[in-house]
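Chains A and B supply the protein sequences, listed in that same order.
Per the numbering used here: the first sequence = residues 3 to 113.
Per the numbering used here: the second sequence = residues 17 to 131.
This report refers to the structure that appears directly beneath it.
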Amino acid sequence: RKEVEQDPGPFNVPEGATVAFNCTYSNSASQSFFWYRQDCRKEPKLLMSVYSSGNEDGRFTAQLNRASQYISLLIRDSKLSDSATYLCVVRSWVGTDKLIFGTGTRLQVFP
Amino acid sequence: GAVVSQHPSWVICKSGTSVKIECRSLDFQATTMFWYRQFPKQSLMLMATSNEGSKATYEQGVEKDKFLINHASLTLSTLTVTSAHPEDSSFYICSHEGQNTDTQYFGPGTRLTVL
């Protein structure tokens with residue numbers, strides 16, 4: 003089983019739609035959680051950290067369920083510029099303290 | 017936020033040659049830098065942790081004699097892919113943590129193609 007699992011998509015949605023991505027992680031001792039955005043052939047960029055209480059940043063809302071080891075990202079009012087791959091990232095102690103990346107969920111927003 | 021540069025941004029080389037990739041932290045003194053590799057449609061995988069002034073720590077399955085890491089200063093880490101083969105073709109990305117260790121600053125990546 004992968005340490006961080008995501009649905010690879012692609013999710014094809016029209017502008018203005020609401021879309022949700024899910025992610026599960028296997029290490030119950032994981033400490034920190036993030037969503038990163040990666041554009042094609044570019045480096046990942048931090049979108050937002052994910053807190054147990056849930057957090058919102060504009061059109062983006064992230065939720066964490068530690069009991070189910072599940073993380074989500076909700077994007078409201080999708081824009082064309084939201085088209086990218088969204089990476090679920092977990093900070094875990096696996097021998098050493100490191101970031102574990104999911105394979106990403108591809109989002110394509112169309113006009 | 018911190019700025020990280022990588023050079024070259026892309027490189028094409030013949031099988032058997034060695035390729036050096038530089039990672040520079042432009043405005044932060046990074047005692048630790050991280051090297052990742054990403055194959056198409058796959059996740060970033062940590063290859064090694066580069067420590068300034070000491071030996072790098074390699075992840076399981078990564079050959080330290082093939083992927084040579086040198087972190088000679090607080091602003092520069094280099095990764096040398098020795099005797100490169102086509103299966104080493106990948107996207108190599110470096111990063112370092114900020115003052116807040118939950119913040120990672122990534123370089124723009126180096127795309128290596130080995131013919």
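Quick reminder that beta carbons are idealized off the backbone N, C-alpha and C, glycines included.
Under 8 Å from the C-beta of residue i: neighbouring residues of chain A
{"i": "B/T73", "result": "T98"}
{"i": "B/F83", "result": "Chain A residues near B/F83: none, gap ~17 Å exceeds 8 Å."}
Environment of residue i [buried if 16+ CB atoms lie within 10 Å]
{"i": "B/A88", "result": "exposed"}
{"i": "B/G123", "result": "buried"}
{"i": "B/L131", "result": "exposed"}
{"i": "B/G125", "result": "buried"}
{"i": "B/G77", "result": "exposed"}
{"i": "A/C42", "result": "exposed"}
{"i": "B/Q115", "result": "exposed"}
{"i": "B/R53", "result": "buried"}
{"i": "A/S70", "result": "exposed"}
{"i": "A/L49", "result": "buried"}
Helix, strand or coil at residue i [DSSP, three-state]
{"i": "B/L90", "result": "coil"}
{"i": "A/D41", "result": "coil"}
{"i": "B/P102", "result": "helix"}
{"i": "B/S34", "result": "coil"}
{"i": "B/S21", "result": "strand"}
{"i": "B/S66", "result": "strand"}
{"i": "B/D81", "result": "coil"}
{"i": "A/C83", "result": "Sequence inspection shows Ser at residue 83 of chain A; the Cys mentioned does not correspond to that position. In this structure, A/S83 counts as helix in the three-state DSSP scheme."}
{"i": "A/N8", "result": "The identity of residue 8 of chain A in the sequence shown is Gln, whereas the question assumes Asn. In this structure, A/Q8 counts as strand in the three-state DSSP scheme."}
{"i": "A/A22", "result": "strand"}
{"i": "B/F55", "result": "coil"}
{"i": "A/R93", "result": "strand"}
{"i": "B/L42", "result": "coil"}
Within chain E, the residues that residue i reaches when beta carbons sit closer than 9 Å
{"i": "A/E7", "result": "The question asks about chain E, but that chain is absent: this structure's protein chains are A and B."}
Where residue i meets chain B, residues with beta-carbon distance less than 8 Å
{"i": "A/S34", "result": "D118"}
{"i": "A/R43", "result": "F107, G125, R127"}
Contact check, residue i vs residue j, beta carbons under 7 Å
{"i": "B/I28", "j": "B/T129", "result": "yes"}
{"i": "B/T98", "j": "B/S34", "result": "yes"}
{"i": "A/K4", "j": "B/L62", "result": "no"}
{"i": "A/Q8", "j": "A/G104", "result": "yes"}
{"i": "A/L109", "j": "A/P46", "result": "no"}
{"i": "A/I77", "j": "A/D84", "result": "yes"}
{"i": "B/L84", "j": "B/Q45", "result": "no"}
Where the beta strand (DSSP E) through residue i begins and ends
{"i": "A/D99", "result": "98–103"}
{"i": "A/F62", "result": "62–67"}
{"i": "A/T107", "result": "107–112"}
{"i": "A/S51", "result": "46–52"}
{"i": "B/L131", "result": "Counting along the chain, B/L131 falls outside any beta strand (DSSP E), and DSSP gives it neither H nor E."}
Within chain A, the residues that residue i reaches when beta carbons sit closer than 7 Å
{"i": "B/Q58", "result": "T105"}
Partners in chain B for residue i, counting only beta-carbon separations shorter than 9 Å
{"i": "A/P12", "result": "Chain B residues near A/P12: none, gap ~11 Å exceeds 9 Å."}
Contact set between residue i and chain B, taken where Cβ atoms lie within less than 7 Å
{"i": "A/L66", "result": "The premise fails here: A/L66 is roughly 14 Å from chain B at the closest Cβ pair, so nothing lies under 7 Å."}
{"i": "A/S51", "result": "D118"}
Proximal chain A residues relative to residue i, where beta-carbon distance stays under 9 Å
{"i": "B/L90", "result": "Neighbours of B/L90 on chain A: none; closest Cβ ~20 Å, over 9 Å."}
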